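Right, one structure below, let's go through it.
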Amino acid sequence: MLPGGLSSTSMPSLMTRMLETLDIHDGHRVLEIGTGTGYNAALLSHRVGSDNVYSVDIEAALIELARERLARIGYHPTLVAADGAHGLPEHAPYDRIIATCSVPAIPWSWVQQTSEDGLILADVKIGKQAGNLVLLQKRGQQAEGRFDPTYGSFMGMRRDGDTYERARPASTSQGRDSAHERTTTLDLTRPWEHTSFWFFAHTGLPHGTSFSLRGDGPEQPPRNTVLHAPDGSWCEVREDSDNGTRQVWEFGPQSLWQIIEDTHAAWVHQGKPGWERFGLTATFDHQLIWLDTPDCRLTTLC
Ligand SMILES: C[S@@+](CC[C@H](N)C(=O)[O-])C[C@H]1O[C@@H](n2cnc3c(N)ncnc32)[C@H](O)[C@@H]1O
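In the numbering used here, the protein residues as written are 9 to 310.
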């Protein structure tokens, strides 16, 4: 029996959109990372034939269940219990790789195992909820492409030994008394609800910044935004405003809300870019997030 939250099937509309984006043709060999229920493996088997479909999941129990389900409807793709971070080298190369769990960066093994001009579609999240589907084309020793104009999101890829990450409790270790208090006029109390801006903000926020909600007091509903960075910096922004002005508390070596304000100003200056303007280039030793063209670098991953 699997603990809750370790796997789920994806919205059929999202699956369909991803399969259309992947531009799959007859005879293509496809690797899926994240077998889950086997639903997507069934769609792939129907499209290109079971012999051309390979799917891996880190949960052996899911692989067995998916194998039984798929066999019952006449499909026999190659299903393997393995860590998808390594791809599936024994059957490479693949014309298409589709990941239905999110990754912090594209594993180099996926690029290596994709045939020349082949495509990789994955949800890259550079921070908590900061990411989207990106479609990369393999060319020589790199894979490059743009983020999907429409937002789509998956649960994070786990590694062997990981425990499922639970949300951080909405509290700060130091109280507001020890924090610097100021106001903000930025009308964006929950930046993560504006997906392309939240992604842009992560190119400036410390790596590993997370968010939560907290009430004004123990009895109050948790509505204020709290951002935490691994170095102990945090900020809290009151949800309610007084004539458009909100209270801000900041603590620690970095002014996290200042970073949000600065990156927001830069984002507005750039014309409030949507997802279609962001791109990613993956090479062996680095991955670049860029705006509009690869020479306009925003940040380097891994
Ligand atoms: C959203 S579900 C996939 C849904 C699936 N495609 C379907 O059609 O039902 C994400 C899956 O990714 C799997 N997963 C998480 N980390 C993984 C890893 N490192 N390698 C392979 N699979 C992983 C989870 O076990 C889970 O089944």
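Ideal Cβ placement from N, Cα and C applies to all residues, glycine included.
Given the structure is predicted, the values throughout are model-derived calculations rather than measurements.
Between residue 190 and residue 256, the beta carbon gap of about 5 Å places them in contact (Cβ cut-off 8 Å). A direct Cα-to-Cα measurement between residue 100 and residue 128 gives close to 13 Å. Distance from the CA of residue 254 to the CA of residue 197, rounded to the nearest whole angstrom, comes to 9 Å. Placement of the Cβ of residue 75 at a distance of 6 Å or more from every heavy atom of ligand 1 is found. Cβ contact annotation for residue 244 (same chain, cutoff 6 Å, sequence separation greater than five): 232, 234 and 257, in chain order. DSSP places residue 143 inside the beta strand (DSSP E), whose first and last residues are 138-147. Counting only residues of its own chain and dropping the five nearest sequence neighbours on each side, residue 55 has a CB closer than 8 Å to the CB of 27 and 32.
Taking the Cα positions, residue 283 is about 8 Å away from residue 159. Following the DSSP letters along the chain, one finds residue 256 inside the beta strand (DSSP E) bounded by residues 254-259. Contact check for residue 39 and residue 87: beta-carbon distance about 11 Å, past the 8 Å limit, so the pair fails to qualify. Around the beta-carbon of residue 60, 16 or more other beta-carbon atoms lie within 10 Å, marking it buried.
Counting C-beta pairs with one atom in each stretch, the stretch 211-230 and the stretch 126-143 have three or more that are closer than 8 Å, which means they touch.
The beta carbon of residue 307 lies closer than 6 Å to those of 211 and 297 in the same chain, with the five residues before and after it left out.
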